[in-house]
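Trainee: Quick one: the structure is below, and I'll ask about it shortly.
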Amino acid sequence: MRKKQSIVRRTPVPHSSSVPLVTPLMPSVVYRSASPDAIDAQYDGTAPGYVYAREGHPNADVLAHKIDMLEGAEGGLIFGSGMAAITGALLGCVKAGDHVLGGNQLYGRCLRMMAQELPALGIETGLADPTDAQAMRAAVKPNTKAILIEVVSNPTLRIADISGISQLAKDIGALLIVDNTFTTPRSFRPFEYGADVVVHSVTKLLAGHSDVTLGYVAAKDPERLEAIEGIWATFGLTPSPFDCWLAERGLHSFELRFDRAQENAARLADALAGHRHVTKVLYPGRPDHPDFDRAEKLLKGQGGNMVSFIIDGGRTQANALTKAAPNIAFAPTLGDIGTTLSHPPSSSHRALSESERAALGISEGFFRVSVGIEDPDLLIEELSAAIDASV
Ligand SMILES: *Cc1c(COP(=O)(O)O)cnc(C)c1O
């Protein structure tokens with residue numbers, strides 16, 4: 387008897403004369419080409435198309451193009467996480483024997499990379515205070531090839547002297563890499579201030595819903611971008627199509643979300659400043675912020691969605707505060723549609739000694755709020771009541 391033919395075979399997508407409104411999700415790992423000549427043409431860049439998802443796929447390209455437009459960039463790349471993006475940017479800019487100078491309040495994992503992983507690869511590193519371009523200049527070495535900074539530091543929300551640092555990078559012929567995660571292109575576009583490479587954790591405000599982990603890198607110089615792309619494809623730092631698809635969906639509401647979260651943050655900062663148990667509020671949009679003038683100039687009055695504050699007391703009061711605010715998620719991330727509260731001494735800054743934290747002004751009563759888009763009155767009421775209940 388003849389075997390029955392299997393009907394479960396790969397077949398082409400049905401042809402359609404209409405096109406979907408929403409970007410299709412394309413999880414395919416591999417793409418079919420017509421012939422060896424056709425694949426050759428794709429690799430040569432004379433015909434458009436995809437071959438293998440680690441080397442690029444449509445959902446990543448659609449997302450990258452949208453972030454490119456926000457940043458004023460071309461040919462940006464999506465990475466599997468913000469840290470993958472930082473890794474790709476750095477390894478595409480420096481090699482063993484070079485020195486990287488970083489801001490001393492970079493994202494925690496970036497500090498760890500500067501302290502451990504880069505030196506293990508033979509890349510020298512150093513840190514200095516990016517609010518002070520002279521301090522950065524003093525930390526430069528003859529082999530400094532890249533400078534990595536964030537515009538707004540975590541969690542004390544200090545503002546870097548980006549103009550001074552950009553001039554420094556030019557003077558010494560180093561590449562300036564800016565992690566624009568906190569500021570986002572809504573309030574700051576690093577390429578307009580002399581950045582050579584811009585990096586994002588797309589996980590945060592750009593995607594905005596805490597359901598994807600992604601990063602982004604763009605470079606001004608196409609040759610630099612090509613070097614970064616080589617690291618991206620070879621080290622396999624590329625993203626999942628599904629994550630890109632979700633992030634694209636999130637990005638469509640990014641500007642609305644950012645503006646609303648920022649308005650809420652400004653209101654929350656003012657309310658906290660008037661709270662009798664709050665000893666300090668840090669918000670770049672308030673005149674009592676140590677870098678207010680610089681924030682006005684660089685961020686054009688956009689204080690962002692992050693607010694930090696310090697309450698009277700230690701760990702006991704900090705524990706009591708989070709328990710008294712069950713509707714405000716105690717979670718160490720930022721940029722979600724909902725407000726999240728984090729406590730740097732027990733999370734992002736736990737590896738630092740108490741005196742190192744004290745030098746940064748981070749005590750046990752220090753909290754960082756990533757303000758979301760919910761009703762600001764409710765938020766202010768809940769957080770104020772929780773602070774009252776904690777002391
Ligand atoms: C979260 C974050 C990162 C790392 O991004 P992941 O997507 O978590 O890998 C890098 N820089 C900043 C400023 C961040 O907030």
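Letter by letter, the sequence shown follows residues 387 to 777 in our numbering.
Just so it is clear, CB atoms sit at the ideal spot from N, CA and C, and this is done for glycine as well.
1) Looking at the unbroken alpha helix (DSSP H) that takes in residue 451, where does it start and where does it end?
2) Verify the contact flag: residue 720, CB atom, against every heavy atom of ligand 1, threshold strictly below 7 Å.
3) If we count the other Cβ atoms within 10 Å of its Cβ and call it buried at 16 or more, is residue 544 buried or exposed?
4) Using three-state DSSP, classify residue 559 as helix, strand or coil.
5) Taking the alpha helix (DSSP H) that residue 636 belongs to, which residues open and close that run?
6) Once DSSP output is grouped into helix, strand and coil, what is the label at residue 543?
7) What does the alpha-carbon distance come out to for the pair residue 546 and residue 491?
8) May I ask whether a heavy atom of ligand 1 can be found less than 7 Å away from the beta carbon of residue 469?
9) Take the Cβ of residue 773 as the centre, count every other Cβ of all protein chains shown within 10 Å, and call the residue buried at 16 or more, exposed below.
10) Distance, Cα to Cα, residue 672 vs residue 600?
11) Can you tell me whether residue 589 is buried or exposed? The criterion is at least 16 other CB atoms within 10 Å of its CB, across all chains shown.
12) Are residue 606 and residue 560 touching if we call contact CB-CB under 8 Å?
13) Less than 8 Å between the C-beta atoms of residue 486 and residue 456, yes or no?
14) How is the alpha helix (DSSP H) around residue 754 delimited, first residue to last?
15) If you drop the 5 nearest sequence neighbours on each side, which residues of the same chain put their C-beta closer than 7 Å to that of residue 575?
16) Report buried or exposed for residue 801, applying the criterion of at least 16 other Cβ atoms within 10 angstroms of its Cβ.
17) Identify, in the order they occur along the chain, each residue of the same chain with its Cβ nearer than 6 Å to the Cβ of residue 579, setting aside the five sequence neighbours on each side.
18) Compare the beta carbon distance of residue 725 and residue 758 with 8 Å and say whether it is the shorter of the two.
19) How is residue 436 classed by DSSP in three states: helix, strand or coil?
20) Could you check whether residue 628 and residue 411 sit closer than 8 Å to each other, using their CB atoms as the reference points?
21) Does the region 666-680 come close enough to the region 627-646 to have 3 or more Cβ pairs within less than 8 Å?
22) Classify residue 744 as helix, strand or coil using the three-state DSSP reduction.
23) Please name the residue in 449, 413 and 466 whose C-alpha comes closest to that of residue 437.
24) Looking at the secondary structure, which residues open and close the alpha helix (DSSP H) in which residue 683 lies?
25) My output table needs one value for residue 421: the three-state DSSP class, helix, strand or coil.
26) If you count every other CB in all the chains shown that lies within 10 Å of the CB of residue 663, and 16 or more means buried, which is it?
27) For ligand 3, I want to know if residue 421 counts as a neighbour, meaning its beta carbon is within less than 7 Å of at least one of the ligand's heavy atoms.
28) Go ahead and pull the three-state DSSP assignment for residue 493.
29) If we ignore side chains and look at the alpha-carbon of each, how far apart do residue 702 and residue 728 end up?
30) Does the beta-carbon of residue 602 have 16 or more other beta-carbons within 10 angstroms, so that it is buried, or is it exposed?
31) Measuring straight from C-alpha to C-alpha, what distance separates residue 430 and residue 755?
32) Tell me whether residue 632 is buried or exposed, calling it buried when 16 or more other Cβ atoms sit within 10 Å of its Cβ.
33) Of the choices 522, 637 and 699, whose alpha-carbon is the least far from that of residue 748?
34) Buried or exposed, going by whether 16 or more other CB atoms sit within 10 Å of the CB of residue 616?
Mentor: Per the coordinate set shown:
1) 444-457
2) yes
3) buried
4) coil
5) 627-637
6) coil
7) 10 Å
8) yes
9) buried
10) 31 Å
11) buried
12) no
13) no
14) No alpha helix (DSSP H) holds residue 754; the beta strand (DSSP E) holding it covers 752-756.
15) 457 and 458
16) A question about residue 801 goes unanswered here, because the residues of the chain that appear run from 387 up to 777.
17) 548 and 552
18) yes
19) coil
20) yes
21) no
22) helix
23) 413
24) 678-685
25) coil
26) buried
27) Absent from the structure shown: ligand 3. Ligands present: ligand 1.
28) coil
29) 15 Å
30) buried
31) 49 Å
32) buried
33) 699
34) exposed
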